[in-house]
Each structure stands twice: as structure tokens, then as C-alpha cells.
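Structure record follows, encoded as C-alpha cells.
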Amino acid sequence: MTGWDTGGSRCSESMFARELVLKQRTEILHALCSSGSAELLERVLDLLLAQGELVWEEYQNVQVPGRALYTNARHLLDLVYTKGVDTCEIFLAAFKQVVPERQGADLPSSGCCLDLEKKDESQITATHTLLIDRPSLVSKLQDCIDGALEALTVSGNFTSADCDDVQLPIHTPSQQARRLLDHVRSKGESAAKVVLHYIQQQGSGASRTQEKLTPPKEFQKYQKKLSSSVSAQSCFLSTYGGTSHMSLDEIYTEGQLELAHDCADPHGPLDLEDIIGAAGTVNEEADTVLVSGEAGRGKSILLQRLHLLWARGAALQDFLLLFPFSCRRLNSEQRELSVQELLFQHCCWPDKEQEEIFQFILDHPHLTLFTFDGLDELKQSFSDDHRLCCPTQRAPVHILLFNLMQGSLMKGVWKVVTSRPEAVGPLLRKHLRKEVFLKGFSPSGINCFVKKHHSDPTVAAKVLESLQTNTALLGLCHSPVLCWIVSQCHKELLGCGEGSLQTITDVYMMILQHFLQRRSTLKNAMGSGWLQEHLKTVLHLGQLAFDGIGTTCYIFSCTDLKTCGVTEKDISLGFLIRSKDMSAANSKHYEFLHVTMQCFFAALYIVLSSNTDRATIPKLFELQDMRETSQKGKCFMACLPTTAQQEQTQGTKASAAETTNLQITATFVSGLLSPHHRSLWLYCCPRSVMEKKIKQVSRCLSKGMQKHFKSISQPVAGEKKSMHAMPGFVWLIKCIYEMQESRIAKDAINKLDVDHLKLTYCDIGPVECTALAYVLQHLRNPVGLQLDNNSVGDVGVEQLLPCMHMCSSLYLRNNNITDQGICKLIAKVIQCENFQKIALFNNKLTDACTQHFSLLLKTKQDFLCLRLGNNNITAEGAKQLAEGLKVNHSLQYLGLWGNKIGDEGAEAMARALENSRSLIWFSLVGNGVGNAGACALANIIKNSSSLEELWLTENCITRTGVECLIQALEHNTHVKSIWLRNNDLSSEEEEEMTQRESRLVF
């Protein structure tokens, strides 16, 4: 029950509407204003005007131009409160209708519904129609402002000054529509009739308008040229497959796309075109979509696929033009450009009529899509300090980019941006239309990719069989770049022995060996021979990578390569590829196969080179600026323009974008110094130097963990001590796992003294689960482990098993887990004496898993809590659970909301629980339970001495079933509440039954 719940009938809700507006004032203000956009407040005002709750003068007093958004919202709340209960009711209904569901889930609601139906038009004037139809008119006008203004000008109702005032570039389309309506109202009945007639002529609006649209001939020629250019750039894999010219059609495998965090997704798994679709929209006024995902998850390839489908006419056909940009390439643009120059010089140059084509884009922004790949690789962090509105004004490229994303420039043009999540701060997020997460490959995606990569099905089968026997490696392959490495190095994989590849570093060492041995002059390069032969090459490439990481440089000129001693022979190994965007005939540029490959070579340089100073490793693990740790880094700095040098020298802490690459590099350093790889380095650098570096890393990891432990706050009296871990904590855990030394893991985790470890929304996948289990198994005392809203999956569940003996409870809500993963989990936790609670809301469980839970209940007589809400369990599954419940005498909490148990399942569970002396809380919300089920559950109420709450909300119980519950309550004073909201009862029946039994909650 939320703080917004009045707990009374609809009648009493209306009585409390005024009190709600007062008491929840802060929350209402936050919901209306926290996005920074005035749109939500303006839509509420539209509805209040339409309902006649505000007169025009009151509207003008609230919506004062230039006044702070929060101040306007406060004036509205003051006005609504003083107008009384009826206005408060209407306001709350308007508020609930306007605020996005994810923001307003716990916000106030009244029993009042808004009636926006038209009244008899013959009885009202046109100006009055502008008020009562204002919400729908705003929606219809925002896509045809130009046409409406033209109609008003031709009719003599508007001057050019009026048109200019409406079309100020600082206003969003909906704000322009409201401004137009406000001007029309002031002009009188004649202007109002013109605009209403114009809207009526438009029919259904945008789609019909688009059908009529005939672009100029030169525009159509440019469209074909751009489409051809985009197709040519996209048809071959452009990232790590660049050396082998792999066809994107032949190798592309879909990754898992999900809406951000708690967005409801009624359409199930997302497709590529859903990126631009309506699902998950949180800010309708914004037009920037973020596709976020960790390094190697396939963001660039996803965007490339989107480009190719558009160019072929197979997707995104609402957009006539698509302009693809690489932030990596934009880093190298030192000139100040206008938007027009940015589009035409960086994407595709029109043969003629450049001004006409650009003007068409400005006039029809909704027909254009921009994509920006790799925002995290941009040297500058997002800022809204420099606002631009004029598309012909020149500015540094990053300022153009930031203004495009926040909508100050080219409002209405859609933008899709890819980035690692850490590089996107709250300043940019408030300008996002929505966010989509790219989670990498699913298990079926791994199978599909491996089969596509190997034309020989026998080889593919052997690789997949090897992965199935090594779940740690299978977990790594959820990352497309690692799956590619494993597929590329199948000979090494199949010859390395079962289980020998355990860490990310192991996989990258395999690709290093694979590439180097192809060019080895030694016929049988055993032991460390393959590395010794190419040590100079590794150091040259490592130096290039290391200095690039320090200066946020990912594209290298021939001068850069020469500075680091990289030769044509080194390039021919295949770790560097030509940068397609930057390489002209007279000026070659190169980049590493993948940014993670650059981080790996940077780590090799840190481990093997004697040219880095002693502060390198500590600075790396503290995520500080790395420029000064290498002499060559200063040479890279000298190549940067003066403004960039100034930006780079401000402060010592790395930016969010740089931090992620420093973390990856530090992870590789940890792995390279593991016992498994140390023997290789002994032939390359002195043992004493290597031991010092190992000690440095160990100290850094211990120090980093202690820093997190010190931040743990003391618990409130009566509550358990809890640590809400941040992504930085997960990174340290992964570094410890890469080192593969149990002593370091023990020392690092030994001082963690909490009852509950919370790791929600930390992007925990199978790789992170492997690392967590490796470290958490060394805990001194059991903890409750909360991993809700991550990407654990079945493989991740299996990777967690080694630490289950140190878990008292496990929370895995919303983690894409199936019966297969649960089967293995239950088999393990049955043997763990500390394990007492599990929560698995919103996964993919069916009746097939219930026999395992039944066994758990039969076996563990100290088990306390089982929550399986929002899965696919039916009456058959409920019967299986009932078998375990009959003999269990410890269970206190049982949650099964949102399944399909029905009366038959409810009756089976009721028979099993009717003599329970331990059950405190039981939920069957949303399970299709009717009167038969309710009457059976009444027996639990009648006989139980422990039950306090029974939840039967959102079922189909009628008066007959409730009568059974009331009769049972007469025999039980211990039960505190039975929740029965949204069942088949009239409001009169609910009120009557509440008076008879106050413990019923409707």
C-alpha cells in the first residue's frame, strides 16, 4: 500500500482530494517539473482549461513567460487548492492522465474521470471550442504549424510578426501549437473559425500529410546518393571483423534489446525498429534515443545493421534521410562547422542545390534521422552551457552535437545515440526520449553466431560443445566481441583442454597467440617462444594503445605510429585496421580492432614495459588521468590543438567516458599478473619488477574494497546492516577474479560485515556472476544477495552456485531466468544450511520448475520465504507446490501474484495450508481466482493462528466469495487485512462489506 492510497471508497477519495493536493505537494511538483520540460505542466493546464476549471485570466496568471517552471507549478497548486474539492479532483485526474506511468505509478489518483467529449457545436462559439478542445488541438497542430499559419495569414487574421512570435526556435512543436492557439483566441471568432476549418481539412494528420509530400527533384537525387553511400559503408562488418571483409548479412546476429529499467514493455522482446517506436517513451517532447551497453555488446554493429536496412528500404521508411556519424571520427574534426557543413561534409555531399536540400530538411525535420555512434568516445563530456538555435551558425563540433541531442538545434529531427551507460550523466538523460539497453547475445544468439561464423558445421558443433562444458567461457560469450574471439580462435580453443579458459584475459591472450603464431618463423612455437619472438611488436602496439587511452585517442595517424615505433610489419599482424572514415589516399589512419583490444594492449604495455613510472598502476586503479605516466603521452598531447590541451589538463580525475576504458585496462592488468600468465613474462622482464607490480595491484584492490566498505552506513535500529554496492564495486570484484588468487580474494572481502548485499541495476551478467561467486565464497558470514533487475540468466545462475553456501537469501527479480536455471539452483541450495529465502518475480518460470520448489519445501524445514510472482505458473504448478507446502512447517511468506493459478490451484494450496502455523503473508493477486478459490482460502483464515495478510486483489471474486471470507474472519482476530481491490463487486457492495468487516480492503 503506497503513501498515496487513501484506503477508502471512491466517495471518501473525493473527500480527500484537497488534502492529497496539499500533503503530496512536493511529489506532485517533482513529477511535473523534474524533467526540466514544461510540457507536463502545460498539458495539465490544457485539460483544466478544457474542463472549465480555469478561466483564461487564471491560466495567464499561472503560465507566466520567463518565470521559473517550479514557480509556475506552485502557483497552479495554490490556485487549485483554493478552488476547493471539485477542482482538486479534476486536477488529480488530469495529473494522472498526463504524467508518464513509470513516474506516476505511486502518485495521487481520484475517482473522477475527465470527460473530453465534444458538446453540441451549435451551442458554442469557435473561440470557446479552442478552449474545450485544446488538448486535442495541440496534438493535431504541432505537426502542421506552417500550414495553419499560412491559412491565418492568407485570411488576413495574422501578420508576419504574429507568425514569427509563434515560430520562435526556442519553443517545442507543442509549445508553438499552444502559442498559436493563444494568439488566435486574442484575434477573435474569425481567426478561430479559420484554424478550426484548417485542422478539419487535415484529416488524420501526419501520415496523410506525408503521403502528399513530393520532395524536389534534387532532393530525391541526393536521397539516392546518400542511401547508396550508407549502404556501401554498412554492407561489411566495420569493427573487429574489418580485416576479413565479413558480410554483415552473413554474420549479423541479434542481441537482446530491453527498455531501460522499470519501463513496462507490452510488446515483449524489442526489435531493431522498436528503437524508434513508442514503447518505453518517457519524454514525448524529446527526440533523442539512447542505446546503451557495455563495451563489446554490439552497439556499433547494431547501428550499422540499422543503417543497412534503411538504405535497402527494409526499415525506418518514415525517414527520407539518414545521416550516420562516428563520435570517434568527430574527435578529429578541429574546425568550427555549421549543421549544414556537418551533414554534407561528414556524410554525403550534394552534387548541387545544397541550400534547397538543407532547407527541405529544416522544413521537414521529422523525416530525418541522425545516428551518433560511441558518445562515450567523445573527448568532451556532455554539457548544456553553450546553447545554439541557429543551424547556420558555426561552432565546435561537440557543441553542435550536444545542442542537437538536447533539441536546441534541429528540433524534430530524430537522433539515435550509442554509448556505454557510465558516460551518460543526468544532464543528458533529461533530454532523452527513451533509453534502450543492449544486453549482448542470448544463449540462442551465441549458437546462431558460432554457426554463422563457421561454414563447416562440424567445427561449429565442436566449438559449441566446448562452450557447454565450460560455463565460465559460455558466460563470456554473451559479449559479441568475446564470442567473435572464441570463434576466430577455434583451433586454440579446441586444443587448450577443458576449463583452461576462465577469464576475459585468458580469451584475449588466446587471440594474441592466434595472431602472433600465424606470422611466427618458429615452426612449433611452444611455451613463451611465440611471445618472445614478437615482444618488440607487442611493446610498440602497447605503447600506442597506452598513450591513446591516456589522451582519449582511438584513431592514429602515421605520425602517431612512427612515434611509438609501429612498423608496417607490426600493422600486418592484424591488430590495427585502416580507419575507413578517416583514411584518404594520401593520409592513412588506423585504429585497433576494437576498443577493448586497445585496452588489452595498453595493459600489456603496463605489465611488460620499463618505461612507465611507479605511479602508473596506482593511478590506473584510482581511475586518474594517465597522460603523465609515459613520455610518449606528452608527444600525443603536443599533437592536440591548444583548446584540447587546456581541456585535457584540467584536473587529474578521468572523465566518465575515460573511466570505463581505464577500468577495462585495469581488469586486463589484473588478469595478466595472474599465476596462470606470470611465467610468460619472466622471459620478458625481471622477476623483481614483476613481483613489485603484483604487490601494487594487490594493494590497490584491497584499498579500493576498503573504500567501499567504509561508505557503508550504520543500520537503523531494528533493521539489518546493508550495503548498496555501486558499479565500481563490481569492477573491483572482476579485477580480483581476473587475478585468480584466492588469497587476494579472501583478504579483499574479509572485512565486509553486512547482512545484506544489494547489487540491483548493476548490469550483472554471467561474467559478473562468475566473479561474484569467486569472491563471495570467502565471506566470513552469510549475506542476503540481491541481484534484481540485471541480466543474470540461466548461465549466470549456474555461475553463482559456488557462493550459495554463504547466501541466506537470493533475490533475482527480472533476470530472464528459466526452469533450466532454477533446476540447478535448487539442487544446490537444498544442501546449503544458511539458505532461507528466494525471490524470482518476473522471470520465465513455468510449471516445470514447481516440482523442484516442492522438493525444496519438503527438504528444508527452516525455509522462510518463496516469491514467484509474475511468471507462468498454472493450476498444475500450484498442485506441485501444494505437495511441498503440506509437509513444510516453517514458510512465512508465499507470493504467487500475476500467475495463472485459478480456482483449482487456489483450492489445492488452501488444502495444503489450512493447518499452517507459520504462514504470515500470502499473495494470489491477479491469478483468476473466483468464488470457489476464495471459499477454499477462507479455511486458512478460519484455522490459522499465524496469518496476518491475504492478498486477493485483481481477481474475479463476487459477493458470494467475500461472504465466505467474512464468515472466516469472525473466527480469527489475528488476521490484519484481506486485500480485495478490483474484483467483481459494485461500489455499493464494497462499501457495505467494509462497514461489516473493516479488515477487508477494497
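Numbering-wise (this note's numbering), the sequence shown opens with residue 68 and increments by one.
Every residue gets a Cβ at the ideal spot worked out from N, C-alpha and C, and that includes glycine.
Query: Would GLY492 be called buried (16 or more neighbouring beta carbons within 10 Å of its own) or exposed?; Result: exposed
Query: Enumerated in chain order, which unbroken segments of the alpha helix (DSSP H) with a length of 4 residues or greater are wholly contained in the segment 470-528?; Result: 493-496, 510-520
Query: Does the Cβ of LEU235 have 16 or more other Cβ atoms within 10 Å, making it buried, or fewer, making it exposed?; Result: exposed
Query: Can you tell me where the beta strand (DSSP E) with TRP416 in it begins and where it stops?; Result: That residue, TRP416, is in no beta strand (DSSP E); it is neither H nor E in DSSP.
Query: Return the first residue and the last residue of the beta strand (DSSP E) that TYR657 is part of.; Result: 656-659
Query: Taking DSSP as the reference, what is the three-state secondary structure of TYR841?; Result: helix
Query: Out of curiosity, what's the CA-to-CA distance linking ARG364 and THR435?; Result: 27 Å
Query: Hey, would you say the C-beta of VAL862 is under 7 Å away from at least one heavy atom of the ligand MN?; Result: This structure lacks the ligand MN, and indeed carries no ligand of any kind.
Query: Select from GLY997, ASN1039, LEU1014 the residue whose C-alpha is nearest the C-alpha of THR1020.; Result: GLY997
Query: Give me whichever residues DSSP pairs with TYR960 in a beta bridge.; Result: CYS932, TRP988
Query: Here's the rule: buried if 16 or more other CB atoms are within 10 angstroms of the residue's CB, otherwise exposed. What is GLY993?; Result: buried
Query: Please list the terminal residues of the continuous alpha helix (DSSP H) segment that includes TYR148.; Result: 136-150
Query: What first and last residue would you give for the beta strand (DSSP E) that runs through CYS767?; Result: Premise fails: CYS767 lies in the alpha helix (DSSP H), 754-777, not in any beta strand (DSSP E).
Query: With a Cβ-Cβ cutoff of 8 Å, do GLY641 and HIS607 count as a contact?; Result: no
Query: With a threshold of 6 Å on Cβ separation, who are the neighbours of TYR265 within its own chain once the five nearest residues in sequence on each side are excluded?; Result: ALA215, ALA218
Query: By how many angstroms is the C-alpha of GLN610 removed from the C-alpha of VAL166?; Result: 53 Å
Query: Hey, out of ASP430, ARG500, HIS195, VAL262, whose CA is closest to GLY344's CA?; Result: ARG500
Query: In chain order, what residues of the same chain have a beta carbon less than 7 Å from the beta carbon of PHE411, not counting five sequence neighbours either side?; Result: PRO417, GLN421
Query: Find out if the Cβ-Cβ distance for the pair SER921, GLU900 is shorter than 8 Å.; Result: no
Query: Report the rounded CA-to-CA distance for VAL548 versus GLN555, giving the unit in angstroms.; Result: 10 Å
Query: Checking the sheet assignment: what are the DSSP bridge partners for ALA906?; Result: TYR878, ARG934
Query: I'd like the span of the beta strand (DSSP E) that includes GLN853, first residue to last.; Result: 850-853
Query: To the nearest angstrom, how far is the alpha carbon of MET577 from that of MET806?; Result: 17 Å
Query: Taking 7 Å as the limit between beta carbons, can you name the residues of its chain near LYS40, skipping five residues before and five after?; Result: One cannot answer for residue 40 here, as it falls past the ends of the chain, which runs 68 to 1069.
Query: Can you grab the Cα-Cα spacing for the pair HIS743 / ASN728, in whole Å?; Result: 24 Å
Query: Closest to LEU494 by CA distance: which of GLY832, ARG880, SER450, TRP481 is it?; Result: SER450
Query: Figure out for me which residue from PHE623, CYS544, LEU324, ASP200 has the closest Cα to the Cα of ASN398.; Result: PHE623
Query: Between the C-alpha atoms of GLN844 and LYS813, what's the straight-line distance to the nearest angstrom?; Result: 9 Å
Query: Taking the alpha carbon of GLU1058 as the point to measure from, which residue in ASP1051, ASN1050, PHE1069 has its own alpha carbon closest?; Result: PHE1069
Query: Label PRO510 either buried or exposed according to how many other C-beta atoms from any shown protein chain fall within 10 Å of its C-beta, with 16 as the threshold for buried.; Result: buried
Query: Can you tell me whether MET790 is helix, strand or coil according to DSSP?; Result: strand
Query: If you follow the beta strand (DSSP E) that ILE644 is part of, which residue opens it and which one closes it?; Result: 643-645
Query: Tell me which residues share the same chain as HIS334 and place their Cβ nearer than 6 Å to its Cβ, disregarding the 5 neighbours each side in the sequence.; Result: In this prediction, HIS334 has a pLDDT of 48, which is less than 50 and means its spatial position is unreliable; what the coordinates show is noted afterwards. Here the set comprises ALA346.
Query: My assumption, with CB atoms under 8 Å, is that GLY322 sits in contact with GLY512. Please give the rounded CB distance.; Result: 7 Å
Query: Per DSSP, which residues does SER314 bridge with? Please list them.; Result: PHE303
Query: Based on DSSP bridge pairs, tell me the residues matched to VAL358.; Result: THR485, VAL503
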